[in-house]
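Each residue of the sequence shown is one higher than the one before, starting from 1203 at the first, in my numbering.
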Amino acid sequence: MIIDGATNWGADGPRPAAEGFDVEARSKSIYEWVRQVRGGVLAGAFTVERHISVAITHFMLGDRIGIPEVRDAFDEGLLGPLAFERRINVVMQIAPHVLSSDEAASLKADLSELRTLRNAMAHKPFWLHPELNDEREVVNLVPIMQRGKGLLLLTTPFVEQVNALIAGLIERTDNLAKGVAQCSPKSGSPKSD
């Protein structure tokens, strides 16, 4: 197993660095950057998970959400033990009551994407892949992580894409939770004006 943040030199072993490239300093810099990326993904996933939990709680409890004993029993006894994937499965049973079929399908796909990213960031090590110039000297190190059966290059464009995914999901799951909260507590259907 690769140690978190190790350089994977491959079969040919370590290579000399190109003039002016400090492998050790770059490794330390990337290691700190990857820690921040991981923290951002986990924090974003936590926020999305909280919005999902609110939607589930409102849908299941309705007007009983105002009774602290009922809410606490539901949160601790039923909702608390659910993993992120199970919460996604439950909220996707609720989403069609509030969202259009296209919105629900898009939400499901994006939540699945976030779940796999969150799991990779929480459980998989990353390694540094050396990029070589024509003289076979190290000119850059690229952080890579395994995601499922594929590899994930942790680059700035990737992080920008992930940030957009998370920001969009935070907004959409917050709106979903608000939409569920506005439903009639007895029927689960939207309140009529």
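Glycine is no exception: its CB is placed at the ideal position from the N, C-alpha and C atoms.
Length of the line joining the Cα atoms of residue i and residue j
{"i": "G1370", "j": "E1333", "result": "33 Å"}
{"i": "P1270", "j": "D1277", "result": "10 Å"}
{"i": "A1213", "j": "G1207", "result": "18 Å"}
{"i": "L1263", "j": "A1275", "result": "11 Å"}
{"i": "R1228", "j": "L1343", "result": "7 Å"}
{"i": "W1329", "j": "D1312", "result": "26 Å"}
{"i": "A1307", "j": "N1210", "result": "39 Å"}
Under the three-state DSSP convention, the category residue i falls into
{"i": "R1349", "result": "strand"}
{"i": "T1209", "result": "strand"}
{"i": "S1394", "result": "Below a pLDDT of 50, predicted positions are generally treated as unreliable, and S1394, at 48, falls in that range; no measurement from the model is reported."}
{"i": "L1319", "result": "helix"}
Under 8 Å between C-beta atoms of residue i and residue j
{"i": "L1378", "j": "H1253", "result": "yes"}
{"i": "H1331", "j": "I1346", "result": "yes"}
{"i": "A1257", "j": "I1290", "result": "no"}
{"i": "G1350", "j": "T1318", "result": "yes"}
{"i": "S1255", "j": "L1281", "result": "yes"}
Residue i - partner residues in DSSP beta bridges
{"i": "H1331", "result": "V1344"}
{"i": "L1355", "result": "I1346"}
{"i": "A1245", "result": "Paired residues: none, contrary to the question."}
CB-CB length for residue i against residue j, believed under 8 Å
{"i": "V1364", "j": "V1272", "result": "Rounded, the Cβ-Cβ distance is 37 Å, inconsistent with contact."}
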